[in-house]
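A.B. asks: Protein sequences appear in the order of chains A and B.
Numbering-wise, this note's numbering puts 133 at position 133 of the first sequence, and it's gapless, one number per residue.
Numbering-wise, this note's numbering puts 189 at position 189 of the second sequence, and it's gapless, one number per residue.
By construction, the Cβ of each residue, glycine as well, lies at the ideal position given by its N, Cα and C atoms.
Just so it is clear, the structure is predicted and the values come from calculations on it, not from any experiment.
Protein chains: 2
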Amino acid sequence: MAPHPLTNSKRFGPYLRMNLKELSEHLALSQTTVSRALNGYPEVSEKTRERVHQAAKELNYSPNARAKSLATGRSQTIGHVIPVSTQHEMVNPVFGDFVAGAGEAYVQQGFDMMLSLVDDSDEEDAYRKIKARGNVDGIIVHGPRMQDSRIALLTELGLPFVVHGRASDVTTPYNWLDTNNTRAFRRATDFLLDLGHRRIALINGLEVMDFAHRRRGGYEDALKKRGVDPDPALMRSEEMTEIFGYRSASEMLAMESPPTAFLVASMMIAIGVRRAIHEAGLEMGRDVSVITHDDDLSYIKNGHDVPIFTATRSSVRTAGTRVAEMLMQQIKNPDSDPQTELMEAELIIGTSTGPAPT
Amino acid sequence: MAPHPLTNSKRFGPYLRMNLKELSEHLALSQTTVSRALNGYPEVSEKTRERVHQAAKELNYSPNARAKSLATGRSQTIGHVIPVSTQHEMVNPVFGDFVAGAGEAYVQQGFDMMLSLVDDSDEEDAYRKIKARGNVDGIIVHGPRMQDSRIALLTELGLPFVVHGRASDVTTPYNWLDTNNTRAFRRATDFLLDLGHRRIALINGLEVMDFAHRRRGGYEDALKKRGVDPDPALMRSEEMTEIFGYRSASEMLAMESPPTAFLVASMMIAIGVRRAIHEAGLEMGRDVSVITHDDDLSYIKNGHDVPIFTATRSSVRTAGTRVAEMLMQQIKNPDSDPQTELMEAELIIGTSTGPAPT
DNA sequence: CAAATTTGCCAAAGCGCTTTGGATGATTAG
DNA sequence: CTAATCATCCAAAGCGCTTTGGCAAATTTG
């Protein structure tokens, strides 16, 4: 009845954009055959397939992703959902490396990557919408908190997902990949205890975040096991900026009984702590020891050959790749059991630690 | 003839997902009317519109984005294309802030954001494919080089785009937003010259990148205008990491005639330079001055109340927002003339600069 | 050499939406 | 009271692809 409003001249830019119909007419074949040829189905002779591929390349044909996705029900797209609230998870330098790692995995398997900023306040609605709008086949959940309602919601929605991190309070099984934060910080604390330190400060990330909560757990575990009482005056928890590290350390170093060592949650914090130590006229590694967690970020490397800081290191970029692979696997095989993966951090020894001053 | 393979039970997860047909049957209305009601067309009575909205909310209906986009020819999605080559632009901490800023603008106007990693080697093919696949309405070009073939290509393809930065060698008009890098570094250099510094080092980003090239231009301009010959031994150019800053400064400070001031291209470099200065037993701001460019990143703030470093500051997050807005504007109004915007950086005075030692 | 397979291709339906060009009944004008 | 005008709503086509079920022609089989 009605001609469709989008005429060719409107749809195509100044540059030609082929569609399947045109390509098949050009080849004097049906759309079916061309489609099958391009998608590697067996019901087409090698000669024809060759011809089709040739023509597709010459005429610069790529199938329209939206049409394809509508027809197949799969979008070949992964969503990364970034919670935005007071703090912006995304601007965290860690995010860049994570996403870079994931991106590599997507490219390999022909997936696209979509970012969505979601406000904490209408989280539930947002995730429902993502499902309904249907432009992703699955999502990666960033920044899990200790108790995170998103996991139950997504399970209920039946939208495949993998969590980067875990939510301590969720007991139902789900897909996650996490660093063994507890163990890393227990080891780091042990290392400092072995060096004779007893007043060890913890400068941590926000402890609503699951990873920060676990790190603190490891730290306290280790202290208690040696009969050292965790001192609340030596613990801070906030967003992991340089300033936060600087301020915390400055203030603690000014205490009557200052810490002799700092265990901190990120390179940025560590850099701030180092500044505070210098400013106090002390030397790092001699007067005060520092251990940091190191996400092995490309732009904030912990030294080149010799590490600057003693650190618990775990590559967040590798994590990104693995999480992406897990999700794509899950999408391919929706009935498979939930996968989990725990990455161990390695303790690398730099020049920022030494025996406790006597 | 053939029933479609995707049955309801397969398409829907365990959770109900409404489509337009079902919604309209539920309301005893045609799909046309429901569609018009939801999209605010006038040919529908207020009472009906009300009913439709009500039902949509109750039944948790959101239109399928892929179908909608196929029907309208618009995808409501912006692509961010990240060149990956030796270095990974994306992992640059700047990227996180930029994308966060852009993301906010997208949310406002109901756009989605898609990231694509594109290898430099098959750039042309990749951009063609992006156009053909048609899942973005426009793209944002990151990391422009001095001569950047992407601009001509995209213009030819007729795919709306905005460049974050500029390409010096491209003379045809196109949409861009840039910081006035030349001016910023000229001012910074002038500032140091005014303080009596004559041996001023430049620790720059990769100079194939347009922004770095311009910064160097500003620096050299200022020097020459005062009759100071730019000394190649005082100039370095590489990826802007902490290590690079540290190494460059260490080496230069060990020269026979070391620089008395450093002009550097990023906070990370500056932090490395500071480390080198401390390690050399010098004091920043007294023995050696440092000015950095400061992108005002959320996680690498240049001090709180009092800036640490004297800096040329320009918020990359604001840039992200503006670029996104420009692109959406351009998409809405494809025939409008190319827009350009030049952001001025402000010079903020911290404690890292002082008169040249005599 | 006829019958049973196999091979290679095709027409048409369907994915879920928008939009065109009516149609229908209510309202107003002549 | 009839004709013209509106205000609402609808059927159906089309966006560009995949996939089902068929159907000739070529090949193999008995």
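1. Using beta-carbon positions only, say whether F211(A) and G165(A) come within less than 9 Å of one another.
2. Confirm, please, whether the CB-CB distance from L192(B) to S257(B) is below 9 Å.
3. Quick check on DSSP: helix, strand or coil for G79(B)?
4. Could you give the C-beta distance for P259(A) and A201(A), rounded to a whole number, given that I count them as a contact under 8 Å?
5. Which runs of the beta strand (DSSP E) spanning at least 3 residues fall entirely within the region 220-245 of chain B, listed in chain order?
6. Output the boundary residues of the beta strand (DSSP E) element that contains L153(A).
7. Checking contacts by CB at 9 Å: is R274(A) closer than that to chain B?
8. Would you give the residue range spanned by the beta strand (DSSP E) that T351(B) belongs to?
9. Does the beta-carbon of I349(B) have 16 or more other beta-carbons within 10 angstroms, so that it is buried, or is it exposed?
10. Report yes or no: is there a C-beta of chain B within less than 9 Å of the C-beta of H304(A)?
11. What's the gap between the Cα of E43(B) and the Cα of K57(B)?
12. Any beta carbon of chain A sitting closer than 9 Å to that of R11(B)?
13. Under a CB-based cut-off of 9 Å, is E256(B) close to chain A?
14. Is the beta carbon of K301(A) sitting closer than 9 Å to the one on I243(B)?
15. What residue does the beta strand (DSSP E) around R313(B) start on, and which one ends it?
16. Can you tell me whether DSSP reads V290(B) as helix, strand or coil?
17. Can you list, in chain order, the residues of its chain whose CB lies under 6 Å from that of S248(A), leaving out five sequence neighbours each side?
18. What are the complete alpha helix (DSSP H) segments, minimum 4 residues, inside the region 32-79 of chain A?
19. Just the C-alpha distance for D231(B) and Y219(B), rounded to the nearest angstrom, thanks.
20. Closer than 7 Å by C-beta to D148(A): which residues in its own chain qualify, once you throw out the five before and the five after it? Chain order, please.
21. Taking only three categories from DSSP, how would you classify S85(B)?
22. Please state if the CB of T182(A) and the CB of R215(A) are separated by a distance shorter than 9 Å.
23. Give the DSSP-derived three-state secondary structure of I277(B) in the structure shown.
24. Is it a yes or a no for the region 126-136 of chain B touching the region 120-132 of chain A, going by three-plus beta-carbon pairs under 8 Å?
25. With H, G and I counted as helix, E and B as strand and the rest as coil, what does DSSP make of M114(A)?
26. Based on the DSSP secondary-structure assignment, which residues constitute the bridge partners of R145(A)?
27. Look up D119(B) in the DSSP assignment and give the residues it is bridged to.
28. For G303(B), which residues from the same chain have a beta carbon less than 8 Å from its beta carbon, with the 5 sequence-adjacent residues on both sides left out?
29. Roughly how many angstroms separate the alpha carbons of G285(B) and A261(B), rounded to a whole number?
30. Chain B beta carbons: is any one of them nearer than 9 Å to that of S22(A)?
31. For D36(A), which option in A28(A), L27(A) and R49(A) has the closest C-alpha, if you only look at C-alpha atoms?
32. What are the residues that DSSP puts in a beta bridge with I200(B)?
C.D. replies: Based on what the coordinates show:
1. yes
2. no
3. Residue state for G79(B) is assigned as strand, using DSSP reduced to three classes.
4. 4 Å
5. Segments of the beta strand (DSSP E) lying fully in the region 220-245 of chain B: 235-237.
6. Under the DSSP assignment, L153(A) falls outside any beta strand (DSSP E), being part of the alpha helix (DSSP H) whose first and last residues are S149 to L157.
7. yes
8. Note, T351(B): premise wrong, no beta strand (DSSP E); not H, not E.
9. That one is exposed.
10. Cβ-Cβ to chain B under 9 Å: yes for H304(A).
11. 21 Å
12. Its pLDDT being 38, under 50, R11(B) is placed unreliably by the model, and the measurement read from it follows with that caveat. Yes - at least one Cβ of chain A is within 9 Å of the one on R11(B).
13. no
14. In this structure, I243(B) lies closer than 9 Å to K301(A) by Cβ.
15. Secondary structure note for R313(B): its beta strand (DSSP E) is the uninterrupted segment T310 to R313.
16. strand
17. I203 and R236
18. 46-58 and 65-72
19. Straight-line Cα distance between these residues: approximately 11 Å.
20. A167 and V170
21. coil
22. yes
23. Helix, per DSSP.
24. In the pairwise beta carbon analysis, the region 126-136 of chain B is classified as not touching the region 120-132 of chain A: fewer than three pairs are separated by under 8 Å.
25. strand
26. M209(A)
27. V84(B)
28. F309 and G350
29. Rounded to whole angstroms, G285(B) and A261(B) show a C-alpha spacing of 9 Å.
30. This sequence places Glu at residue 22(A); Ser is not what is there. False, the Cβ-Cβ gap to chain B never drops below 9 Å.
31. The sequence shown places Arg at residue 36(A), rather than the Asp named in the question. Looking at the Cα atoms, R49(A) is the closest of the given residues.
32. A261(B)
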